[in-house]
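Written below as structure tokens is the structure these notes are about.
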Amino acid sequence: MPPKGWKKDAQGNYPTTSYIKEQEKLTVDDLLFPKSIITALAKDSIQQIDTDSKILISKDASLALQRSSTVFVNHVLMAAREIAQNNDRKSCNEEDVLNALDQIGMVGFKSIVRVKVVEYEKCLQQRKAEKAAAAARAGSKKDDQLLEDNSEPPEQEHEQDDSVTSDLEGASTKRVKISEE
1 MPPKGWKKDA
11 QGNYPTTSYI
21 KEQEKLTVDD
31 LLFPKSIITA
41 LAKDSIQQID
51 TDSKILISKD
61 ASLALQRSST
71 VFVNHVLMAA
81 REIAQNNDRK
91 SCNEEDVLNA
101 LDQIGMVGFK
111 SIVRVKVVEY
121 EKCLQQRKAE
131 KAAAAARAGS
141 KKDDQLLEDN
151 SEPPEQEHEQ
161 DDSVTSDLEG
171 ASTKRVKISE
181 E
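Residue 133 in the UniProt record's numbering is what sits at position 133 of the sequence shown, and the numbering runs on without skipping anything.
So, in structure tokens, the structure goes:
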């Protein structure tokens, strides 16, 4: 029996989940970016211009920014996907997005996007360098500890057990114990 609340279609059948998903219309509200992130970006942008005042953004302004940014990003992405598909590729790259900005008439944003991409790549390289440096420091600390622990010359003891044991087949073997510290 189907879940409660499902209605039969015109033929008297209960819809399947894929049928329901096909019937749902996707709206801008389903794709909105998080309001907190959009509001924080807006406040940061305004504070770069006017650092003295405290900034409050109304709910309506926040919602307008949220919707407009979602529509803009989706519009650019749609144009970039078309460019990628025309070049027989399934995924978009940086050049596709820059060409999409040209295509939709936002040529002024190309220089800003290029600068931000370069800043982002520098930030990634800096993070990688910091991780590598932290790993190197951690590795050198471990090496230093090992060197301190092994500063005394290791004494290898080769003890021989003169006891003779016999295997199941009856052959005799001599056991030699080698211990390393």
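Glycine included, every Cβ here is placed at the ideal spot set by N, Cα and C.
**Asked** Is residue 73 near residue 106, with beta carbons less than 9 Å apart?
**Response** Between residue 73 and residue 106, the C-beta spacing is not below 9 Å.
**Request:** Could you have a look at residue 127 and say whether DSSP puts it in helix, strand or coil?
**Result:** Here DSSP, grouped into helix, strand and coil, assigns residue 127 to helix.
**Request:** With a floor of 4 residues, list each alpha helix (DSSP H) that falls wholly inside the segment 26-76, ordered by position along the chain.
**Result:** For the segment 26-76, the full-length alpha helix (DSSP H) segments reaching 4 residues or more read 28-31, 35-49 along the chain.
**Distance between residue 81 and residue 102 (C-alpha atoms, nearest Å)** = One C-alpha to the other measures close to 14 Å.
**Request:** Within its chain, find whatever has a CB closer than 8 Å to the CB of residue 123; leave out the 5 residues flanking it on each side and keep chain order.
**Result:** Here the set comprises nothing.
**Asked** Can we say the segment 59-70 touches the segment 29-41, given the rule of at least three CB pairs closer than 8 Å?
**Response** By the Cβ criterion, the segment 59-70 is in contact with the segment 29-41, since at least three pairs of Cβ atoms, one from each stretch, lie closer than 8 Å.
**Request:** Kindly list the residues whose CB is nearer than 8 Å to the CB of residue 98, restricted to its own chain and excluding five residues on each side of it in sequence; keep chain order.
**Result:** The beta carbon of residue 98 sits closer than 8 Å to the beta carbons of 110, 113, 114 from its chain, once the five residues preceding and following it are set aside; these are given in chain order.
**Asked** Ordered along the chain, which non-local residues of its own chain (more than five positions away) have a Cβ less than 7 Å from that of residue 71?
**Response** Counting only Cβ-Cβ distances below 7 Å, and skipping sequence neighbours, we find 28.
**C-beta contact flag for residue 104 and residue 92 at 9 Å** = Going by C-beta atoms, residue 104 is not nearer than 9 Å to residue 92.
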